[in-house]
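Notes to accompany the following structure.
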Amino acid sequence: MTVRFVEDHFVESYYPTIENQFSKNIKYNNQDYAIEILDTAGQDEFSIMNEKHLVGIHGYLLVYSVTSRQSFELIEFIRDKILNSIGNEDLPMILVGNKCDLNLQRQVDTKEGQQLAHKFKCKFVETSVKDNVNVNIAFEGLIDDIERIQNPIIKKNDKCIIM
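When the letters of the sequence shown are read in order and numbered with the working numbering, they come out as residues 2 to 164.
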């Protein structure tokens with residue numbers, strides 16, 4: 002998914018490693034962003050997430066394959082591990098069901114993804130990296146959430162109280 006977003010092509014034979022780091026400069030909503038992405042593909046419940054996966058990260062895409070029940074069931078464990086380490090529930094996350102182009106091999110219904118996202122109180126999107134469906138939407142949605150938390154809109158009638 003990261004290769005598709007950063008380099009705009011599909012890698013048929015992607016071999017996930019412990020981590021890969023990517024950079025991309027984008028213009029989104031008339032704002033320039035220098036994005037650093039740490040792709041931790043291949044993590045599982047037995048992997049020990051390095052502290053750099055948790056500290057100083059502004060947001061997370063929690064990605065599972067709709068063709069793998071196991072990857073879906075692992076998402077809640079990974080999310081809990083992140084939240085327990087950070088100690089902050091107000092962390093931008095988007096739940097992503099990838100490989101929506103493989104409907105005949107689907108093991109996780111769209112509704113299940115939506116329900117889990119509702120439980121997590123986060124956005125949900127299904128993507129197809131192969132067909133380039135909703136990949137940018139997932140990353141841009143995360144940028145929106147990060148901006149909302151880091152730069153909240155101050156209402157005109159808000160008051161400042163100083164003691």
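Beta carbons are placed, not taken as given, at the ideal position from N, Cα and C, and that holds for glycine.
As the structure is a computational prediction, the values presented were derived from the model and not from experiment.
Those residues which DSSP pairs with residue i across a bridge
i	result
residue 36	25
residue 125	96
Cα-Cα separation between residue i and residue j, rounded to whole angstroms
i	j	result
residue 150	residue 109	30 Å
residue 78	residue 29	32 Å
residue 12	residue 138	19 Å
residue 100	residue 122	23 Å
residue 5	residue 85	30 Å
residue 1	residue 39	Residue coverage of the chain in this structure runs from 2 to 164, which leaves residue 1 outside it and unanswerable.
residue 31	residue 58	23 Å
residue 35	residue 7	12 Å
residue 134	residue 97	12 Å
residue 141	residue 62	11 Å
residue 126	residue 37	21 Å
residue 26	residue 33	7 Å
residue 47	residue 145	Bear in mind that the predicted position of residue 47 carries a pLDDT of just 48, short of 50, making it unreliable; the figure below should be weighed with that in mind. Cα to Cα, residue 47 sits roughly 32 Å from residue 145.
residue 75	residue 82	11 Å
residue 132	residue 104	13 Å
residue 106	residue 147	33 Å
residue 72	residue 120	17 Å
residue 128	residue 14	18 Å
residue 88	residue 41	20 Å
residue 60	residue 143	7 Å
residue 23	residue 136	15 Å
residue 102	residue 2	14 Å
Element boundaries [beta strand (DSSP E), containing residue i]
i	result
residue 14	Unbroken run through residue 14: none, as it is neither H nor E.
residue 114	Here residue 114 belongs to no beta strand (DSSP E); instead the alpha helix (DSSP H) covers 111-121.
residue 95	94-99
Local conformation of residue i per DSSP, three classes
i	result
residue 130	coil
residue 136	helix
residue 86	helix
residue 31	coil
residue 169	With the chain covering only 2 through 164, there is no way to say anything about residue 169.
residue 20	coil
residue 104	helix
Boundaries of the alpha helix (DSSP H) in which residue i is found, first to last residue
i	result
residue 67	Taken as a continuous stretch (DSSP letters only), residue 67 belongs to no alpha helix (DSSP H), as it is neither H nor E.
residue 8	3-8
Beta carbon proximity, residue i to chain D, threshold 8 Å
i	result
residue 139	The question asks about chain D, but that chain is absent: this structure has only one protein chain.
- Quick check: the segment 55-69 against the segment 104-120, are there 3 or more CB pairs under 8 Å? yes
- Message: Taking 8 Å as the cut-off, does the segment 91-99 touch the segment 140-154 (at least 3 CB pairs, one atom from each stretch)?
- Response: At 8 Å Cβ cutoff, the stretches touch.
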